[in-house]
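Notes follow the structure.
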Amino acid sequence: NGQKIATQTDISNATSSIITEVLANRTLINNLHNIQASDVWAYGARSLTSSVTGTVDLSASSTQAIWDVAKANLTTTGSIGQQIANNLDATISSRGTSNMTAADVWSAATRTLTDYSTSSVASAVWTNAARTLTSYGNNITAADVWNVLTSSLSTTGSVGQQIAGLSGLSGLSTTTIASGVWTNPTRTLTYYGNDITAADVWNYLGTVIHSGSSGTWTTSLSDTQDILAGQTYRTTLYVTNSGNAADSLTPPTITIYDTNRNIVVNNVSMTKTSTGIYGYNYDVATGAVQGQWETIIQTQVTGGNTIQTSDYWQVKGSPAQVIITGMANTTVPTATANVTITNEGSSSYEYAYEWCVVSSTSNPCGGGDDVFYESAAKLIQPGQNWNTTLSADVPNAGSYFFKVVVYYGTESSGSSRSFTETAQTVTPPVTPPDGGGGGGGGGPIVSNPVPTTTPTSGVCNGADLNFDHKVNSVDFSILLYFWKTRPPFANKCVDMNTDSQVNSVDFSILLYQWGTAGMPIKKP
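Following the numbering used here, the numbering of the sequence shown begins with 7 at its first residue and continues without gaps.
Structure representation (structure tokens):
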């Protein structure tokens, strides 16, 4: 490469340099024959490799030397040897599956039950003569458990302390227990034994279900369910201290809210009726808003404490009875019902009511599918019956239901009646007969269409040809329409004497019954 060729002198000088290096490192080279296992494990950059992948060429003596390294010599932080030395539990070597016993399990402070089957664990536990319950001795017996002095059971809330507190029950009999329950002023009706009877419940006046407490003080408020508008609301408050009737520091005060949260009684003092017993009466107005009302009572007791007690109750209006006594008219286009509404309450009440005609009994009034709907209101005195006639427009014949609903507050009463609406027959213009007959003289001239009703009952009522219980000009017009026509007649009742003719004889009968409700014709 353009350099000079080495000479003998160059070679001699290089050889001299190698020999000098060897001689200078003779001691180090000689020490390579004395390498120890400790030298290997203490060497931070050591690695085990060989020409064969995955194998290490160590002699038996070298292997022995590696495992015989003292733990005290393994001081390099983070080395494998030091981690094994620090974490190895030598006592594990003395435990094996073959010599593991139930006693070994129970005497181990950190024992766990994991890899044993249920049957073998249970068997090992119960057959171990040295088993114990927590920290008690091996010879503990049932008597030792139950003979523990109650005075030593002082942990608040413990089972033993609570059992110890029941020692006073030993002297109670069935009679004294019952007496203790019923004479307790703060008792509540929740769960009693099977021997309690309905008489026991209802014979207790002032059943208490609303209460409050502060320390040894307890207040209980009598329960009220429903009050009719116009009646008197009465409530009683019971105050006790340590289970005995006691007066509060000041008379309890009562506040009453109506269903709209308007205050109707504002912080009024209750009246003391006996030691620890206070009462209050409130007259509910006839027109009071109905729904859920609330009573709140504040009671001041010792220690500057105030106990609040509350009760919810309902104000209801005077109930109403509703009866549809009959259908007065069921001919298209009108349906008329006779209705009676009775105020069954003890005060006058203005009832809102509605009536409708529907095609199904399940359809409510005002449901959007009414054939007819109307509403109104009426003031009715207590105990009074109000009889009225309610009319509805029914444009088509068919089967229907006439319904009436009366409201009193949040409650309502109703009545319904099924009926069949019949079609109305309209007659065309007629030409009056020429001259009168049979003492009747000439009849009036009729030139307008005359409605005629076809009877459905099969029973004629004399000259009442349209079945409106009146013999008048309408019946006369019907008679003229069929005058001297031939049978069969669409209205069979026009032939009053049933001689297959409509003539002066029938006209005479009509004149005879004129102004009456009609009378059936008796055949001779």
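Backbone N, C-alpha and C fix where the C-beta goes; we use that ideal spot for every residue, glycine too.
Owing to the predicted nature of the structure, the values given are computational and were not obtained by experimental measurement.
Selected residue, minimal CA-CA separation from Val-307, among Val-321, His-475 and Trp-223: Here residue 307 refers to the residue found at position 301 when the sequence shown is read from its first residue. When only C-alpha atoms are compared, the closest one is Trp-223.
Buried/exposed call for Gly-445, threshold 16 Cβ in 10 Å: Mapped onto the sequence shown, residue 445 falls at position 439. With a pLDDT of 43 at Gly-445, under the threshold of 50, the predicted position of this residue should be treated as unreliable, and no value is reported.
Nonlocal neighbours in the same chain, by C-beta distance under 8 Å from Val-290, ignoring five residues either side: Numbered from 1 along the sequence shown, position 284 holds the residue referred to as residue 290. Answer for Val-290: Ile-233, Leu-234, Ala-235, Gly-236, Gln-237, Thr-238, Tyr-239 and Val-321, listed in chain order.
Could you compute how far the alpha carbon of Thr-225 sits from the alpha carbon of Ile-302? What you label residue 225 is simply residue 219 of the sequence shown in a count that begins at 1. What you label residue 302 is simply residue 296 of the sequence shown in a count that begins at 1. Each residue's alpha carbon lies about 12 Å from the other.
Does the segment 397-404 come within contact of the segment 267-287, defined as at least 3 CB pairs closer than 8 Å? no
Nearest residue (CA-CA) to Arg-423, options Val-411, Thr-416 and Phe-407: The residue labelled residue 423 in the question sits at position 417 within the sequence shown. Comparing Cα-Cα distances from Arg-423 to each of Val-411, Thr-416 and Phe-407, the minimum goes to Phe-407.
Where Glu-427 and Val-295 are concerned, what is the direct C-alpha to C-alpha distance, given to the nearest angstrom? Taking the first residue of the sequence shown as position 1, residue 427 is located at position 421. Taking the first residue of the sequence shown as position 1, residue 295 is located at position 289. Looking at the two C-alpha atoms, the distance is approximately 41 Å.
Can you list, in chain order, the residues of its chain whose CB lies under 8 Å from that of Leu-255, leaving out five sequence neighbours each side? In the sequence shown, residue 255 corresponds to position 249, counting from 1. Within the same chain, Leu-255 has close Cβ partners Gln-306, Val-307 and Thr-308.
What does the Cβ neighbour count give for Leu-211, buried or exposed, with the cut at 16 atoms within 10 Å? Start at 1 with the first residue of the sequence shown, and residue 211 comes out as number 205. Here Leu-211 scores only 40 on pLDDT, less than 50, and its place in the model is too uncertain to base an answer on.
Residue closest to Val-500, alpha-carbon to alpha-carbon, out of Ala-20, Gly-468, Asn-478 and Gly-372: Here residue 500 is taken as the residue at index 494 of the sequence shown, counted from 1. Val-500 has its Cα closest to that of Gly-468, out of Ala-20, Gly-468, Asn-478 and Gly-372.
Give the range of the beta strand (DSSP E) segment to which Thr-13 is assigned. Walking along the sequence shown from the start, residue 13 turns up at place 7. Here Thr-13 belongs to no beta strand (DSSP E), and DSSP marks it neither H nor E.
Can you tell me whether His-475 is buried or exposed? The criterion is at least 16 other CB atoms within 10 Å of its CB, across all chains shown. Numbered from 1 along the sequence shown, position 469 holds the residue referred to as residue 475. The residue is exposed, with fewer than 16 neighbouring Cβ atoms inside 10 Å.
From this set, Asp-150, Asn-134 and Lys-528, which residue's C-alpha is nearest Asp-112's C-alpha? Translated into the one-based positions of the sequence shown, residue 112 becomes position 106. Correcting the residue identity first, residue 112 is Trp in this sequence and not Asp. Nearest C-alpha to Trp-112: Asn-134.
Contained beta strand (DSSP E) runs [length at least 3] in the segment 279-332, N- to C-terminal order: 283-289, 297-306 and 312-322
Could you round the C-beta distance between Asp-317 and Thr-241 to whole angstroms and report it? I think they count as a contact, below 8 Å. Mapped onto the sequence shown, residue 317 falls at position 311. Mapped onto the sequence shown, residue 241 falls at position 235. The pair is a contact, with the Cβ atoms about 7 Å apart (cut-off 8 Å).
Is it a yes or a no for the segment 248-268 touching the segment 334-347, going by three-plus beta-carbon pairs under 8 Å? no
Looking at the secondary structure, which residues open and close the beta strand (DSSP E) in which Arg-423 lies? Counting from 1 along the sequence shown, the entry for residue 423 is found at position 417. Taken as a continuous stretch (DSSP letters only), the beta strand (DSSP E) holding Arg-423 covers 417-427.
Length at least 4, wholly inside the segment 496-524: the alpha helix (DSSP H) runs in chain order: 510-518
Distance CB(Phe-482)-CB(Phe-488) smaller than 7 Å: Stepping through the sequence shown from its first residue, residue 482 is reached at position 476. Stepping through the sequence shown from its first residue, residue 488 is reached at position 482. Result no, Cβ atoms of Phe-482 and Phe-488 do not sit closer than 7 Å.
Can you grab the Cα-Cα spacing for the pair Asn-478 / Thr-340, in whole Å? Locating residue 478 in the sequence shown gives position 472, where the first residue counts as 1. Locating residue 340 in the sequence shown gives position 334, where the first residue counts as 1. Cα to Cα, the separation comes out at about 21 Å.
Three-state secondary structure assigned by DSSP to Asp-376: For the purposes of this step, residue 376 is taken as residue 370 along the sequence shown, with counting starting at 1. Looking at Asp-376 - three-state DSSP - the assignment turns out to be coil, as it is neither helix nor strand.
Looking at Glu-380: is its Cβ nearer than 7 Å to the Cβ of Trp-361? For the purposes of this step, residue 380 is taken as residue 374 along the sequence shown, with counting starting at 1. For the purposes of this step, residue 361 is taken as residue 355 along the sequence shown, with counting starting at 1. Yes.
Between which two residues does the beta strand (DSSP E) containing Val-410 stretch? Counting from 1 along the sequence shown, the entry for residue 410 is found at position 404. Note, Val-410: beta strand (DSSP E), 404-414.
Rounded to the nearest angstrom, what separates Gly-448 and Asn-472 at their Cα positions? As a first step, residue 448 is located in the sequence shown; it is residue number 442 there, counting from the start. As a first step, residue 472 is located in the sequence shown; it is residue number 466 there, counting from the start. Reliability fails at Gly-448, whose pLDDT of 44 lies under 50, so the model's placement of it is uncertain and the value that follows must be treated cautiously. Gly-448 and Asn-472: Cα-Cα distance of roughly 22 Å.
Please check the pair Ser-68 and Ala-43, which I expect to be a contact at CB under 8 Å, by giving their CB distance rounded to whole angstroms. Here residue 68 refers to the residue found at position 62 of the sequence shown. Here residue 43 refers to the residue found at position 37 of the sequence shown. Between Ala-43 and Ser-68 the Cβ distance is about 6 Å, and since that is below 8 Å, they are a contact.
Quick one: grab the DSSP three-state call for Trp-489. Translated into positions along the sequence shown, residue 489 becomes position 483. It is coil, neither helix nor strand.
By how many angstroms is the C-alpha of Tyr-288 removed from the C-alpha of Val-274? In the sequence shown, the residue the question calls residue 274 occupies position 268. In the sequence shown, the residue the question calls residue 288 occupies position 282. Each residue's alpha carbon lies about 11 Å from the other.
Please go through the same chain and pick out, in chain order, the residues whose beta-carbon is closer than 8 Å to the beta-carbon of Val-338, but skip the five residues on each side of it. To locate residue 338, count along the sequence shown from 1; it is residue 332. Excluding positions up to five away in sequence, the list reads Val-400, Pro-401, Asn-402, Ala-403, Glu-427, Thr-428, Ala-429 and Gln-430.
What is the residue span of the beta strand (DSSP E) that Asn-268 lies within? Position 262 of the sequence shown holds residue 268. No beta strand (DSSP E) contains Asn-268, which DSSP labels as neither H nor E.
Would DSSP call Asp-232 helix, strand or coil? Working through the sequence shown from its first residue, we reach residue 232 at position 226. Strand at Asp-232.
Does DSSP put Glu-360 in a helix, a strand or coil? Translated into the one-based positions of the sequence shown, residue 360 becomes position 354. Residue state, collapsed to three classes: strand.
Please state whether DSSP places Lys-476 in a helix, a strand or coil. Stepping through the sequence shown from its first residue, residue 476 is reached at position 470. Here Lys-476 sits in coil by DSSP.
Since Trp-5 and Thr-265 are thought to touch, with beta carbons under 8 Å apart, how far apart are those beta carbons, to the nearest angstrom? The structure shown does not extend to residue 5, since the chain is modelled only from 7 to 530, so the question has no answer here.
Specify the secondary structure class of Ser-463 as computed by DSSP and reduced to three states. In the sequence shown, counting from the first residue as 1, residue 463 sits at position 457. Bear in mind that a pLDDT of 49 at Ser-463, under 50, signals an unreliable position, so the number given afterwards is only what the model happens to contain. Correct three-state label for Ser-463: coil.
DSSP puts Arg-240 in a beta bridge; with which residues? By 1-based counting over the sequence shown, the position of residue 240 is 234. In DSSP, Arg-240 forms a bridge with Asn-287.
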